[in-house]
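> Take a look at the following structure, please.
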Amino acid sequence: MADIRRVRRTRSFVARPAICPFCKGNMKVDYKDISVLSRYISSQGKIVSRRRSRACAKHQRNLAHAIKRARYLAMLPYAPTHIWKTGGVGLSRSAV
953 MADIRRVRRT RSFVARPAIC PFCKGNMKVD YKDISVLSRY ISSQGKIVSR
1003 RRSRACAKHQ RNLAHAIKRA RYLAMLPYAP THIWKTGGVG LSRSAV
């Protein structure tokens, strides 16, 4: 029988504690603060996950609600600007 040895892998990164920026700075999530909300929207126009935003569960819910409210009130776009300019993803004017 072959001797099977397990190789123990070491982590190549050091896990740092996830500190919510809203809890740390004692900030409140507000749908009128577009500069803060735009940091939590990806380039595709999607709401960023908790892992990337480093927000706690409570503030991530408030953040998603505020972004949706700002979109409804036309303070934030539903679609990113590159879709507005091209008319769609991957579509060109000659194909239409």
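Take any residue in the sequence shown, count from 1 to its spot, add 952: that is its number in my numbering. All residues carry an ideal CB built from backbone N, CA and C; glycine is no exception. Here the structure is a predicted model, which means the values were calculated and not measured.
On the criterion of 16 or more Cβ atoms from any shown chain inside 10 Å, does LEU1025 qualify as buried, or is it exposed?
Here residue 1025 is taken as the residue at index 73 of the sequence shown, counted from 1. By the 10 Å Cβ count, LEU1025 comes out exposed.
> Could you check the C-alpha separation between ARG1051 and ASN1014 for me, to the nearest Å?
Since the first and last residues shown for the chain are 953 and 1048, residue 1051 lies out of range.
> Can you pull the DSSP bridge partners for ILE999?
One-based indexing of the sequence shown puts residue 999 at position 47. Looking at the DSSP assignment, ILE999 forms a beta bridge with ILE993.
> Just how far apart, CA to CA, sit ARG958 and LYS976?
Along the sequence shown, read from residue 1 onward, the residue named residue 958 stands at position 6. Along the sequence shown, read from residue 1 onward, the residue named residue 976 stands at position 24. So the alpha carbons of these two residues sit roughly 41 Å apart.
> In terms of residue numbering, what span does the alpha helix (DSSP H) encompassing PRO973 cover?
In the sequence shown, the residue the question calls residue 973 occupies position 21. Where PRO973 is concerned, the enclosing alpha helix (DSSP H) stretches over 973-976.
> Hey, ALA1022 and ILE986: beta-carbon distance below 9 Å or not?
Mapped onto the sequence shown, residue 1022 falls at position 70. Mapped onto the sequence shown, residue 986 falls at position 34. A contact, by the Cβ cut-off of 9 Å.
> Exposed or buried, which one is HIS1011 when buried takes at least 16 other CB atoms within 10 Å?
Sequence index remark: in the sequence shown, residue 1011 carries index 59 (1-based). Buried is the call here.
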